[in-house]
Every structure is written in C-alpha cells, then in structure tokens.
Amino acid sequence: MKNTGAFNLITDAWIPILPTSGSPREVGLLEALERAHEFRGLALAHPLEHMAVLRLLLAILYRVLTPGRDLADLQRLYREGRLPADAIGTYLNEHRERFALEGDTPFLQVPDVETTPTAITVLTADLPQGGWPLLTGRPDSDPPPLSPAQAARTLLAHQTFAVGGLLNRNGVTSVLDAPSARFAQFHAVGETLARTLLLNLAGPSEPADLPFWERPQPTAADVEAYRTRVQPLGPATAYTYLSRAVRLIPTPGGRYAQVRYAAGWRYDDLPNDPMLAWTEHRTQGRVPHRLDPEREAAFDLLAALPVGEGARYPSTLRHALALTGELPRYVAVGALLTDPKRPAKVLGHRLEQLRASALPGEATLALLEAAEETAEAARKVVFHVLHEAHPHWSNSQVAARYRTLNPLAPYWNAVFEAYTAGSGDAPDVLATALRRVEEALAVPYANHPRILALLANRLRPLARNPKEVSHA
C-alpha cells in the first residue's frame with residue numbers, strides 16, 4: 001500500500017498562518033517554508049499545536065540549512081529575510097512519502113500497531129477537568145471525526161506533549177512523558193515567520209540527530225515492550241519524537257474518529273532541546289525549567305534571558321543573540337501545565353509572548369529573586385496554617401484545599417505590578433504581596449479569627465527575612 005493519494009503534510013493545507021496582509025489561511029509545509037517571508041507568523045489557536053508546528057518547521061530547516069553552514073550564512077539569510085526555497089523543495093520532495101497521513105510509512109505513526117481502537121480524544125491534552133481518557137478511565141463519548149488537517153495538528157501536538165502514566169498495552173504497563181512535555185519552551189519571535197525560524201535555529205544538527213522521516217519506519221515489533229531506545233540527541237530528533245505508537249483509523253468519508261495507540265520510543269536521559277531553559281535544583285542538580293501555574297509568565301524571563309546565571313538560558317535565545325547581536329524584541333514561552341502532585345492530571349496550557357528587548361535592572365532582578373524565595377516560604381506557612389485549621393485532615397486533603405484557594409496567585413499579581421512598574425523597595429513590595437495572601441484566606445476563614453491571626457503573624461516577618469518561617 002503506497003502513500004499516493006493520501007493527505008500529505010507537504011502539499012496539502014493544514015497549517016494556519018497569518019499573512020503580512022490579508023486574512024489567516026491554511027498552507028502545507030512546503031508553502032509555509034518557501035513563502036515564510038510573506039507570513040507574519042503561525043495562526044494556530046491551540047498553544048500546544050502552535051509550539052509543535054513551529055518545532056516541526058525548525059526540524060526540517062535543521063536538515064536543510066545547518067549541515068555545512070556557519071553563522072555567517074544564517075546571518076545573510078536573516079538580512080535577506082528569506083529561506084532557500086529550492087533547497088527546501090528538493091529536501092521535502094526526497095522525503096515526500098514519509099509525510100503522508102496514511103500508507104506504508106505514515107507521518108509520526110506506526111502502521112502495523114494492532115491495539116484495540118480507541119476514540120481519537122486520546123490525543124487531546126486539554127479536555128475538561130484535565131486528564132486523558134486512556135489514563136483516567138473516563139468513558140469516551142462519540143467525538144466528532146477530525147478532518148485530515150485537524151488530525152495532523154492533533155497527532156503532532158500529542159507526540160510533542162504526551163503525558164506519561166498507566167497504559168498496559170503492547171508489553172508496556174506505563175508510558176513515559178514525551179521528552180519535553182512538561183518543560184517551559186522558549187523561542188524568539190521575529191517580524192516574519194522566516195525570521196522567527198532563523199532566530200531559533202540554534203546550533204548545528206549533528207549526523208546522528210535525525211528527524212522521524214529520516215529514520216527507518218518503526219514497526220509494532222520495534223516498539224513492543226519499549227524495545228527501541230532513541231535518545232533525543234538534538235533538535236531534529238527532539239522536535240519529531242515518536243512518543244506514542246499511533247495509527248490513525250480513517251472513516252469511509254476520509255476523516256478520523258479512532259486510533260490505535262501504544263507506547264513509542266523510549267529514552268533514558270533528558271533531551272538536548274534548544275528551547276529549554278535549565279535551573280539548578282538543590283537536590284536534583286541541573287533540571288529543565290517549568291512554568292508555575294500560580295504566577296505570571298513574565299517571571300519566567302529570568303530563566304530565558306542572559307541575566308544572573310547566564311549559562312542556564314535557552315540555546316534558542318543564545319543563537320538569536322549571536323545571529324543579530326542583540327536580544328530579540330519578543331520572546332514566547334509556552335508549556336503544558338500539569339499538577340505536581342498528580343502528574344497525569346493536566347491543568348491547562350500556556351503560550352505567551354513577552355517583551356524582552358530590555359533587560360531588567362539590578363534592583364528589579366533583586367526583587368524577583370527575593371520574591372521567589374519568599375513565595376516558597378509563604379507556601380510552607382499556608383500549608384502549616386491549613387493543617388492547624390483542619391487538624392483531622394490528611395495531607396492530601398490539605399493539599400487539595402490549598403489548590404482550591406490558590407493563595408499565591410494574588411501574591412504574584414502584586415509582585416508583577418511592581419515588576420512592570422520597574423520600581424519599589426523589595427521589602428515593601430513583598431509586604432504588599434504577602435497581605436494579598438492573607439486576603440485570599442480572609443473570606444473562607446472569616447469565622448476563624450485565630451487562624452487568620454496565626455497566618456498574619458507567620459507571614460508578615462517574611463517580607464524582611466523569608467528564612468524566618470516559624471511554626472510555633
């Protein structure tokens with residue numbers, strides 16, 4: 001069975017883009033890259049799909065542009081504002097069959113996987129209440145079938161952001177996360193799609209760093225019992241990783257309502273992903289940065305920009321700085337947000353564009369670093385106070401109450417106001433922010449003055465010294 005006639009991601013329209021003039025429309029991979037200078041950017045409404053498509057376009061460019069090219073070549077392309085259309089067309093034509101949704105070598109799929117068909121909603125990461133039908137056991141309703149374009153976007157996003165958990169299929173009892181699924185992903189934003197891609201083409205693609213379509217077509221036997229280990233050695237592999245062995249099942253009308261689904265490739269080490277920022281954890285060592293659902297994404301610029309410990313910021317932004325000689329005007333940060341206490345529960349997703357053309361001053365940096373330390377201390381205080389308010393509750397019940405109250409959200413809002421104003425003495429700002437935490441508990445515990453007094457007595461000293469966490 002050949003791929004001829006099947007929906008093909010190279011030529012068929014499936015990627016929403018925003019032209020420099022006119023209304024959004026959909027294009028295939030070839031047009032998206034050949035005419036990238038005519039597009040302001042991607043126009044995908046779903047954050048996870050937006051990030052996954054950008055990573056796919058970059059994976060192609062790593063194979064077209066970086067072998068044998070140096071920074072001067074990329075700087076010339078950036079000044080011209082265009083990508084090499086002939087080279088892109090030749091490369092994609094060589095691999096055309098690997099970009100078909102159906103056939104012997106379907107895109108990011110395993111054609112002979114024979115698990116029990118399940119609803120295509122297994123590929124959707126942002127269902128109501130979070131979670132995944134396959135992992136939570138929630139019954140699948142009759143989802144509306146997806147068009148080939150929708151199925152392509154959904155499949156790509158799932159392979160990029162799949163969350164691990166129990167599975168028990170094809171010799172595997174539990175599956176791993178996609179390599180970069182839970183981590184914050186940072187990329188520079190340019191004036192056009194072409195310049196955005198060039199800004200983020202960090203580092204060369206090494207010979208062993210191959211995208212999915214340049215590797216042998218995986219079979220069900222290859223992925224059975226996690227038999228195949230593929231380490232994400234670089235961006236071409238990390239951006240096109242086969243996290244799950246999926247096979248789309250077409251309806252007679254050429255749409256998709258069901259899939260076959262199992263574990264994909266296995267990896268042992270953290271990915272070499274240029275979009276990730278790295279932080280030093282006191283016990284785990286160097287780990288990828290994650291977004292905190294409680295606070296504004298602007299604070300994640302500390303991880304993205306060359307301030308403080310400069311070695312930790314993403315390779316994409318290092319490259320953008322080297323390419324142009326200055327920081328990009330805007331940085332986008334996105335992530336899948338999951339519950340730290342219940343890893344299979346999806347809380348949501350985020351993709352925000354942040355102004356990054358000016359580095360924060362020393363006073364602002366000091367404020368943000370103090371805010372991080374104080375937030376951790378305040379979190380401990382609130383947990384201890386909740387335990388005193390509910391002495392018969394279990395730790396999990398207290399944790400659930402904390403998540404419902406979300407007391408640090410107003411704290412971070414207050415710090416963000418001072419951050420954007422660029423002024424404010426750190427102790428004064430933190431005192432205001434800590435009062436917001438008190439206010440968050442004032443209404444639900446209005447009939448418990450002892451608890452509110454205890455909270456105030458323990459929180460207020462933290463503005464001057466976050467290490468003064470008293471549990472007396």
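Quick note: the sequence shown uses UniProt numbering, first residue 1, plus one each step.
Glycine is no exception: its CB is placed at the ideal position from the N, C-alpha and C atoms.
Only a predicted model underlies this, so the values are computations on that prediction, with no experimental measurement involved.
Going by DSSP, what residues sit across from residue i in a beta bridge?
{"i": "R278", "result": "Note that residue 278 corresponds to Trp in the displayed sequence, not to Arg. The partner list for W278 (beta bridge, DSSP) reads P288."}
{"i": "L146", "result": "Y256"}
{"i": "Y267", "result": "Y267 pairs with nothing; no bridge assigned."}
{"i": "L166", "result": "S174"}
{"i": "R247", "result": "R260"}
{"i": "residue 474", "result": "For residue 474 there is no data in the structure shown, the boundaries of the chain being 1 and 472."}
According to DSSP, is residue i part of a helix, a strand, or is it coil?
{"i": "S315", "result": "helix"}
{"i": "P16", "result": "strand"}
{"i": "F383", "result": "helix"}
{"i": "T173", "result": "strand"}
{"i": "Y241", "result": "coil"}
{"i": "F39", "result": "strand"}
{"i": "L108", "result": "coil"}
{"i": "G137", "result": "Residue confidence is low: G137 scores 35 on pLDDT, short of 50, so the model does not pin down where it sits. Its coordinate-derived value is still stated next. Coil at G137, not helix or strand."}
{"i": "N3", "result": "Confidence at N3 is low in this model, with a pLDDT of 48, below 50, so the placement of that residue should be treated as unreliable; the coordinate-derived value is given next. DSSP places N3 in coil when its eight states are reduced to three."}
{"i": "Y411", "result": "helix"}
{"i": "R227", "result": "coil"}
{"i": "F186", "result": "strand"}
{"i": "N447", "result": "coil"}
{"i": "T160", "result": "helix"}
{"i": "E26", "result": "strand"}
{"i": "N272", "result": "coil"}
{"i": "E191", "result": "coil"}
{"i": "A220", "result": "helix"}
{"i": "N465", "result": "coil"}
{"i": "T283", "result": "coil"}
{"i": "T324", "result": "helix"}
{"i": "R215", "result": "coil"}
{"i": "N457", "result": "helix"}
{"i": "A181", "result": "coil"}
{"i": "P128", "result": "Note that P128 scores a pLDDT of 34, beneath 50, so its modelled location is shaky and nothing firm can be said."}
{"i": "T374", "result": "helix"}
{"i": "P235", "result": "helix"}
Determine the contact status of residue i and residue j, defining contact as a CB-CB distance below 7 Å.
{"i": "P328", "j": "P274", "result": "no"}
{"i": "V110", "j": "P211", "result": "no"}
{"i": "D177", "j": "G164", "result": "yes"}
{"i": "N200", "j": "L83", "result": "no"}
{"i": "A262", "j": "N168", "result": "no"}
{"i": "L44", "j": "H50", "result": "yes"}
{"i": "L123", "j": "T154", "result": "yes"}
{"i": "G41", "j": "L193", "result": "yes"}
{"i": "A100", "j": "A6", "result": "yes"}
{"i": "A149", "j": "Y256", "result": "no"}
{"i": "Y241", "j": "P314", "result": "no"}
{"i": "P293", "j": "L337", "result": "yes"}
{"i": "A162", "j": "S243", "result": "yes"}
{"i": "V398", "j": "H384", "result": "no"}
{"i": "I10", "j": "V27", "result": "no"}
{"i": "D339", "j": "L351", "result": "no"}
{"i": "P24", "j": "L33", "result": "no"}
{"i": "A426", "j": "L367", "result": "yes"}
{"i": "V113", "j": "A220", "result": "yes"}
Please report the residue range of the beta strand (DSSP E) in which residue i lies.
{"i": "T251", "result": "Counting along the chain, T251 falls outside any beta strand (DSSP E), and DSSP gives it neither H nor E."}
{"i": "L337", "result": "Y330 to T338"}
Which first and last residues belong to the alpha helix (DSSP H) in which residue i is found?
{"i": "G89", "result": "A85 to E94"}
{"i": "V122", "result": "Note, V122: premise wrong, no alpha helix (DSSP H); not H, not E."}
{"i": "Q353", "result": "Here Q353 belongs to no alpha helix (DSSP H); instead the beta strand (DSSP E) covers V346 to R355."}
{"i": "H50", "result": "P47 to L65"}
{"i": "V398", "result": "N395 to L405"}
{"i": "Q75", "result": "L71 to E80"}
{"i": "V429", "result": "A426 to A442"}
{"i": "R342", "result": "That residue, R342, is in no alpha helix (DSSP H); it is neither H nor E in DSSP."}
Since residue i contacts residue j with CB under 8 Å, what's their CB separation in whole angstroms?
{"i": "T196", "j": "A188", "result": "7 Å"}
{"i": "L434", "j": "L408", "result": "Actually they do not touch by this definition, with Cβ atoms about 10 Å apart."}
{"i": "L77", "j": "L30", "result": "That belief does not hold up - the Cβ atoms of L77 and L30 are roughly 18 Å apart, past 8 Å."}
{"i": "E97", "j": "T90", "result": "At roughly 15 Å, the Cβ-Cβ gap does not stay under 8 Å, so E97 and T90 are not in contact."}
{"i": "R450", "j": "R290", "result": "Actually they are not in contact, since the Cβ atoms of R450 and R290 sit about 36 Å apart, beyond 8 Å."}
{"i": "T121", "j": "R260", "result": "About 14 Å; that fails the 8 Å criterion."}
{"i": "residue 540", "j": "L48", "result": "No answer is possible for residue 540: it lies beyond the span of the chain, which begins at 1 and ends at 472."}
{"i": "L452", "j": "Y445", "result": "6 Å"}
{"i": "R436", "j": "A414", "result": "5 Å"}
{"i": "G225", "j": "V175", "result": "Rather than Gly, the amino acid found at residue 225 in this sequence is Ala. Not a contact, Cβ separation roughly 12 Å."}
{"i": "R318", "j": "A202", "result": "7 Å"}
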